[in-house]
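To keep things clear, I will list the structure first and then write my remarks on it.
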Amino acid sequence: MWTNDNRGRYDRTKLRYPSDLTDQEWALIGPLIPPAKPGGNRRRVCARGVVDGIMYILSTGCQWGALPKDLPPKSTVNDYMLRWSDDGTLERIHHALYVQCREQVERQASPTVAIIDSQSVKSAEKGGARMTYRGMTPARRSRARSAICW
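The letter at position 30 of the sequence shown is residue 1183 when you use this note's numbering, and the numbering goes up by one with no holes.
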């Protein structure tokens, strides 16, 4: 609820970008980020800067090349986002924040009821849209350029 007491918690004017994490937000997310792998080079980039870069991309919808210069390089931010997506780190962060939001409004951590819309069920029976990665689909060959002519 937007009260004068509560507005200060959501004030982002003192941050570098509105998408940057506050210290309280980083205290929740920071422990969920895996440490650097042992045996390799030590981590040279600040994990908080990487998360700020990911949040900037997600909140603005800008291209990777438009990432501001005061954030880590776009290749570093992209690599970490892909790595954390693959190893489940982003899912763990989402789940921890989801549970905390439910507990703040005094609900159980996991929902006890689900509502299924009949239209959603009908589209799911037909197969619905599947997410396929471009790199996973086989290349199409042109019949006109085939060496075999019928």
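Idealized CB from N, CA, C, for every residue including glycine.
With DSSP collapsed to three states, give me the class of residue i.
i, result
"Ile-1186", "coil"
"Tyr-1170", "coil"
"Arg-1165", "coil"
"Thr-1213", "helix"
"Arg-1160", "helix"
How about residue i and residue j: do their beta carbons lie closer than 7 Å?
i, j, result
"Gly-1206", "Leu-1235", "no"
"Val-1252", "Ala-1267", "no"
"Ser-1172", "Tyr-1209", "yes"
Which residue's Cα is closest to the Cα of residue i: the options?
i, options, result
"Gly-1183", "Asn-1231, Val-1203, Val-1258 and Lys-1190", "Val-1203"
"Leu-1250", "Leu-1168, Gln-1177, Asp-1158 and Arg-1160", "Gln-1177"
"Pro-1187", "Thr-1213, Arg-1245 and Ser-1172", "Arg-1245"
"Lys-1190", "Cys-1215, Tyr-1233, Pro-1171 and Arg-1165", "Tyr-1233"
"Arg-1197", "Gly-1214, Thr-1229 and His-1248", "Thr-1229"
"Leu-1243", "Leu-1185, Thr-1175 and Arg-1169", "Leu-1185"
- Task: Would you list, in sequence order, the uninterrupted alpha helix (DSSP H) runs of no fewer than 4 residues that lie entirely inside the segment 1224-1250?
- Result: Assignment of alpha helix (DSSP H) within the segment 1224-1250, counting only whole runs of 4 or more residues, yields 1227-1239 in chain order.
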